[in-house]
Structure formats: C-alpha cells, structure tokens
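Trainee:
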Amino acid sequence: MDKREYQWAWLMVLPVVLIVAFSAIMPLMTVVNYSVQDIFGPGSRFFVGTEWFKEVLRDPALHGALIRQIIFSAAVLVIQIPLGIALALCMPKKGPWVSVALVLLALPLLVPWNVVGTIWQVFARPDVGLAGVAINSLGFDYNYTGDPIDAWFTVLVMDVWHWTSLVILLCYAGLQAIPDAFYQAARIDGASRWAVFRYIELPKLKGVLLIAILLRFIFSFRIYAEPFVLTGGGPGNSTTFLSQSLTTMAVGQFDLGPAAAFSLIYFLIILLFSYVFYLTILNMDREG
Amino acid sequence: MARIELNNLAHQYAPGGEYALQPMQHVWEDGGAYALLGPSGCGKTTLLNIISGLLTPSQGQVLFGDQDVTRLPPEQRNIGQVFQFPVIYDTMSVFDNLAFPLRNRRLSEDYVSRRVTQIAGMLGLDEVLKRRAKNLTADAKQKISLGRGLVREDVAAVLFDEPLTVIDPHLKWQLRRKLREVHEQLNLTLVYVTHDQTEALTFADKVVVMLAGQVLQVGTPQALFERPEHTFVGYFIGSPGMNFMDCQVEGSEAIVAGERIAVDPAMAAAASESGGQLQLGIRPGLIRPAAADEAGLMIQVDQVEDLGDYELITGHLGEHKIHVRLEESEKIGSDGLKVVFPTEHSLLYADDRLVGGGA
C-alpha cells in the first residue's frame, strides 16, 4: 500500500483528535500543570514538584472525607443493588401496568440533582416536613440538621429514592431479555423459586449488574449537589464528601495547586476502583 | 413411562376466540416415537405445551396412563422437554446441569452421581462432565438439555420442540441418530415437534400431521406417503408434493381433462356417493412412463430438471399442472410424455379428504 494513503488516514481522524483534545486532554493538562506549580498571579509562579500531592495526602480533613466517601459508596451499593434486583423481579412482565411502573420509576431520575436535595430538605424537616414530622410523631427524636446519624440516614434514603430506579430499570431490561424457555425448563426440572433466581436470573443479569454497579459507584463517589443542598456537609463535617471538600478548596479558598493535585488523586481513585470492579466481575465468569 | 391419551382435547387462547387446537381424540402408545409435523402456526407447539403442562387446555383431558394430569403443573408430570434453543444453567458444570433435576427432587448424591454418569455415557458427554456448560458448542448444549430430560428414571415422556433448529446440518444427522439410539435403549415415549418433513419421517414411528389446529392424519411415514388421508398431507409430505387434479367419476373411471383414468371400483363408487368436490391424487414418483405400444396419457412437458439420481418433469395435463419423477429422460417424445397412472396409486379425494380413508 502507498504511504500517501496512511497520511490521508491521519488527516481523517484529525477532527476527532481536535475535539478530544479540547474537551478532555487540554483541561486535564491544565489541572496537571496547576498541580505542580505554586501560582500567585499571572506571570508569577514557581515549580513545586510533588509538594501539593504530599500536602493533600497528609491532610487529615481529606482522609476523613475519603473514609466517609468510601462508606457512603459502599452503603449505596449494598442497599441499591439488591433492592433494585428485588424490585425488578416484582415488576409486571407485561400488560398495561408495565408502562405505569416504568414512568413512575423514571420520575426520580428526571429530577435535577439540586432539586432532589431541595425536595428532601423540605420533606425531611422535623418541624414542617411530612417525613420529618411523621418520624418524630412515631417517637424517634429525628433531626437531620443536628444529629450526624440522622443526617447520614437522610442522605442515604434520598440517594436510594433518587437512584434505585436506575438499577431497577437496568435489571428489568436484563430480566425481560431472558427467553421463556429457561423458566419453562426450570419448572420441568422442578427448580424452586430461589434456584430459578440463583441459576437463571442472576447469571443472566451479570452483564447489566456490571453496568449498574459501575454507574452507581461512579455517581455516588462523585456525589455533590444533593447532600450539599440537603445538609451543606453537616452537621459539622459529618456528611462532607470528597467533591464538596474539593470545591471548598478550589473555589472557597482558591488553593488551586492543592485542589488540582487533589482532583488528580480523586480521578485516579475512581478510575482504579472502576477498573477493579470491572476485572472482578469479568473474572467471576471464568472460574470453574 | 406411560401411554398418552388426549381425550376430547381442544384449546382456545381466549374464551370464545378462535380454536388454536380443534377438538381431538388420540392415544399415543407407550414407548412410541411420535412426530408432530405441520407448518408454522398450526398448533403443534400449543399441543406440546399442553402435554408438558406449561399450558392448561380450555377443554378436554390429558391422561398419562390412567392418571388425569390435565391440571397438574409440569414439575408434577414427570416429563422432560427439550426446547428450540439449548437451555442450560450457565454457571454450572455439565455434571451439575444433568444432576439438577435429580437434586431438586432430593435424591441421594450417590444415586445422582451414578445416574448422571450413565446418561452422560449414553449421550457421549462423559469427556466434558467437569467443564462449564456455558463454553460448549450448541450441539453439546442441546445434548445437555436432552440429558436433563432423560436423567429422571420416572420420566413418562420426553418432548422436543424443534430441537435441531440451531444445530449445524452435519451434526443434525448425528444428533437425530443419537435420539433414535436413546429411544431404543430406554424405550421412552418421545414426542417431537418439527416443520421439517425429513426430520419427522426419519425420527418417528408415527407422524401426526397438523394444519390449522387440526390433526389431519396419524400414521407411519409409509402410510403418509402412500395413502395420505388429506390433500394437505399429500402436498406437504414428499418433494415435490402429490399431484392433485379436479375430476369427475363415471363408473370405475375418473375423468381428468377429458381423459379417462381407471381407479379402484369401490373407491369410485364411494366417491360418487359422497357428492363432494372430487380430486384425483397421485405421487410424482408413482406415475410410470407408458411402454411404446401401451395406451397412456399424454403430458405436455414444460420443464425438465436434472436432480442427479432422478429427473423432475414439470408439465400439464389439460389445464392441470403435474409433476412426474423419472429415472431417465429418454421417454420424452416430441409431442410430450406418455404416462400411465397405476390404478393402485390413483386415489380419489372428496372435499380434500381421502375417499374411503380412515377419517
């Protein structure tokens, strides 16, 4: 083949390269640039090497936020994945109720994230909120603005309300794709309901569960708007997660260097976790 | 093992709606190999699902031996079923797949392992028992589905719903032979649904031909070929199908396009009495060329196809299109092909049904 043709090929991919460069690579490089310099103003900056990274990694406030973040994401997965599967199994398989159920499930996903926070801020208020008043009238002393446990509880319930639908919809699509013959064969083989779930439904859902877990992990690890609106990260810093710490650092204190270093570490953590999840689930298939 | 009796059985999917299955009365003998043959949508899968219990008929009874199983769910019926696509449990090994129906019935692990090994040996799966079922080829997977049906000793019948659809042509033949072997060894009642006449005719002792929810004929492959009881059976079985020509009957002769053809006198008499729309039917391969000095019918030849070991002549007799199978083409003269319709193979049909036939 002619060399000239290869050069043409480079030219053909150039638009994509440019778009990716503008949208992803250049902003990312800017962050990398900030993370290794101390910037006082235009034309006044010093190279500081890994100084900011060391500072960020030693910062006890960020350790706290990271631990809370991991606990939050773990809780989200532990609650939402099984709950999503269970609810998907309860959904009608055909008939007019399918569309009703699908529309109802899609509703929380359509609400803008800061609106979700506002809804729950009002809904859970112990003085005028429906949920808050109801819980207090049951005899629990509930106040999410004052008690860290109540705050965590509210943030988690809010997230379950907001995002479990996504897991349900994915699982529902996965379940619908299982041919009837599998259920019929299982009946003939005398399988129990549990065996049908364990040996037919769960294995067939593996693909969509991989996507559900990845999406829920990534979204929950980046969570910002809802807890920020609901609790503002409080009481104290009990519901301050990584992205809120980052925003405070970058926009509030204008510490661009440490914030950039922190962003990169944050990004790498998500990338690493996602990759590990992906590999684990893929490998579950290969054993035996 | 059991005899299967369909007692006044019929099915409508919606009350008052169209019959997916017309009322029928049949007995299928214990240990027989039956094929349900018919075009798509003729109700053969509906009938199969009624026998397996996946569907409850809207009318009539299904008896296994003396037991009325009409209302019993599949798991209480002791049947095995093999579906169009291989159904295997992805996460299990081949051994666990075969053991699954036995373990669900809480049989001892000792017995399970003996029985699974035996069935695996019979199906040629012993080499792969420890492998994950998911990673095997389609035909091996279909053997596993079959094995799950066979593994239970109390199984009354094994039902097949077009089980060779996804199998490669050269393996179809092997798998079909395997089925015959299994049938001979275990003496099970087998019911096999297909729309492929070759599969039905090579597999079954008795073929049940269905059309539009109706059983048209139950018979041996030979009977279906030689004495089809319905014009559809004649047309559907054989390649090409039987020739049918509108006719009148006078005495013991049928008149087709002005030509007189001798038929069986008793059949001719019954045909004139029936008063229905009459047709003369004859197999393309059973028409023979006339000898040089013999009286015969002149067929105008339109097309000759050489199909290797025989030639297929497409022609017409009057306005009737007709197929003839010939061993050699030399008999075709310039003015057409002179043939004889042997009396014993010339059958009369009144309103699509064989005159004097069983039904």
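For the record, the sequence lines run as chains A and B. Read in order, the letters of the first sequence correspond to residues 0 to 287 in numbering that gives the first Met the number 0. Read in order, the letters of the second sequence correspond to residues 0 to 358 in numbering that gives the first Met the number 0. Even glycine gets a Cβ: it sits at the ideal position worked out from N, Cα and C.
Suppose the cutoff is 7 Å on Cβ atoms and the five residues either side in sequence are ignored; what does the same chain contact list for E4 of chain B look like?
Mentor: Within the same chain, E4 of chain B has close Cβ partners V26 and L62.
Trainee: Note down, one range per segment and in chain order, each beta strand (DSSP E) of at least 3 residues found wholly within the region 288-333 of chain B.
Mentor: Here the runs fully enclosed are 296-305, 310-316 and 319-325.
Trainee: Work out the CA separation of I321 of chain B and Y191 of chain B for me, nearest whole Å.
Mentor: So the two alpha carbons sit approximately 32 Å from each other.
Trainee: Any C-beta of chain B sitting closer than 8 Å to the C-beta of E186 of chain A?
Mentor: With the sequence shown as reference, residue 186 of chain A is identified as Arg, and Glu is not the correct amino acid for it. Yes, contact with chain B.
Trainee: Would the region 75-89 of chain B and the region 174-181 of chain A be scored as touching if the rule is three or more Cβ pairs under 8 Å?
Mentor: Yes, the region 75-89 of chain B is in contact with the region 174-181 of chain A.
Trainee: Return no unless some Cβ of chain A is closer than 8 Å to the Cβ of T201 of chain B.
Mentor: With 8 Å as the cut-off, T201 of chain B does not count as an interface residue toward chain A.
Trainee: Tell me where the alpha helix (DSSP H) around S136 of chain A begins and ends.
Mentor: Its alpha helix (DSSP H) spans residues L129 to S136.
Trainee: Pull up the distance between the alpha-carbon of V68 of chain B and that of V132 of chain A, whole angstroms please.
Mentor: Spanning the two alpha carbons is a distance of roughly 58 Å.
Trainee: Mapping DSSP to helix, strand and coil, what is F28 of chain A?
Mentor: The question names Phe, but residue 28 of chain A in the sequence shown is Met. Looking at M28 of chain A - three-state DSSP - the assignment turns out to be helix.
Trainee: Hey, would you say D204 of chain B sits closer than 8 Å to G31 of chain B, going by beta carbons?
Mentor: Yes; because the gap between Cβ atoms is below 8 Å, this pair is in contact.
Trainee: Could you check which residue in B:Y18, B:L71 and B:R131 has the C-alpha nearest to that of T45 of chain B?
Mentor: Checking every option, the nearest Cα to that of T45 of chain B belongs to B:Y18.
Trainee: Name, in chain order, the residues that DSSP records as bridge partners for L5 of chain B.
Mentor: Partner(s): B:H25 and B:V61.
Trainee: If you follow the beta strand (DSSP E) that N77 of chain B is part of, which residue opens it and which one closes it?
Mentor: That residue, N77 of chain B, is in no beta strand (DSSP E); it is neither H nor E in DSSP.
Trainee: Is it the case that the region 255-269 of chain A contacts the region 44-62 of chain A, given that we only count it when at least three CB pairs across the two stretches are under 8 Å?
Mentor: As far as the Cβ criterion goes, the region 44-62 of chain A touches the region 255-269 of chain A, which means the pair count is three or higher.
Trainee: In angstroms with no decimal places, state the Cα-to-Cα distance between F276 of chain A and Q11 of chain B.
Mentor: Looking at the two C-alpha atoms, the distance is approximately 50 Å.
Trainee: In terms of DSSP beta bridges, what is T188 of chain B paired with?
Mentor: The partner list for T188 of chain B (beta bridge, DSSP) reads B:A156.
Trainee: Leaving out five residues before and five after S92 of chain B in sequence, what residues of the same chain have Cβ atoms less than 8 Å from its Cβ?
Mentor: L128, K129, R130, R131 and A132, listed in sequence order.
Trainee: Would you decide whether P288 of chain B is buried or exposed? Buried here means 16 or more other CB atoms lie within 10 Å of its CB.
Mentor: Burial call: buried.
Trainee: How close, in whole Å, do the beta carbons of V111 of chain B and A119 of chain B come, if the pair is a contact with beta carbons under 8 Å?
Mentor: Actually they do not touch by this definition, with Cβ atoms about 12 Å apart.
Trainee: Checking contacts by CB at 8 Å: is G287 of chain A closer than that to chain B?
Mentor: Any reading at G287 of chain A must be qualified, since the residue scores a pLDDT of 40, below 50, and its modelled position is unreliable; no value is offered.
Trainee: Can you tell me whether F240 of chain A is helix, strand or coil according to DSSP?
Mentor: Reduced to three states, the DSSP call for F240 of chain A is coil.
Trainee: Are the C-beta atoms of Y12 of chain B and some chain A residue less than 8 Å apart?
Mentor: It does not: the Cβ of Y12 of chain B has no partner Cβ on chain A nearer than 8 Å.
Trainee: Name the chain B residues that come within less than 9 Å of Q183 of chain A, Cβ to Cβ?
Mentor: Simply N48, S51, L53, P73, Q80, F82 and V86.
Trainee: How would you label R113 of chain B, buried or exposed, when you count the other beta carbons within 10 angstroms and need 16 or more for buried?
Mentor: Exposed is the call here.
Trainee: Going by the C-beta, is L165 of chain A closer than 7 Å to any heavy atom of the ligand SAH?
Mentor: Of the ligands one can find in the structure shown there are none, so the ligand SAH has no counterpart to examine.
Trainee: Can you name, in chain order, every residue of its own chain whose Cβ lies under 7 Å from the Cβ of Y171 of chain A, other than the five neighbours on each side?
Mentor: Once the five neighbours on either side are set aside, the close Cβ partners of Y171 of chain A are A87 and M90.
Trainee: Mapping DSSP to helix, strand and coil, what is A203 of chain B?
Mentor: A203 of chain B falls in the coil class under three-state DSSP.
Trainee: S57 of chain B to Q216 of chain B, Cα distance in whole Å?
Mentor: Near 23 Å, if we compare the C-alpha coordinates of Q216 of chain B and S57 of chain B.
Trainee: Which residues does DSSP list as the beta-bridge partners of L92 of chain B?
Mentor: Note that residue 92 of chain B corresponds to Ser in the displayed sequence, not to Leu. Beta-bridge pairing links S92 of chain B to B:R131.
Trainee: Are there three or more Cβ pairs, one per stretch, closer than 8 Å when the region 150-162 of chain A is compared with the region 229-249 of chain A?
Mentor: The region 150-162 of chain A is in contact with the region 229-249 of chain A.
Trainee: Classify T230 of chain A as helix, strand or coil using the three-state DSSP reduction.
Mentor: Three-state result, T230 of chain A: coil.
Trainee: Report back the beta-carbon spacing between D160 of chain B and L47 of chain B to the nearest angstrom; my notes put them in contact at under 8 Å.
Mentor: So it is a contact: roughly 6 Å between Cβ atoms.
Trainee: Would you mind telling me which residues of chain A sit closer than 7 Å to P227 of chain B, beta carbon to beta carbon, in chain order?
Mentor: Those do not exist, as P227 of chain B stays about 33 Å from chain A at its closest Cβ, beyond 7 Å.
Trainee: The alpha helix (DSSP H) spanning R215 of chain A covers which residue range?
Mentor: Taken as a continuous stretch (DSSP letters only), the alpha helix (DSSP H) holding R215 of chain A covers L201 to F220.
Trainee: How about the region 292-301 of chain B and the region 332-340 of chain B: do they share at least three Cβ pairs that are nearer than 8 Å?
Mentor: A contact exists between the region 292-301 of chain B and the region 332-340 of chain B.
Trainee: Where do the ends of the beta strand (DSSP E) carrying L277 of chain B lie?
Mentor: Looking at the DSSP string, the run of the beta strand (DSSP E) that includes L277 of chain B is L277 to I281.
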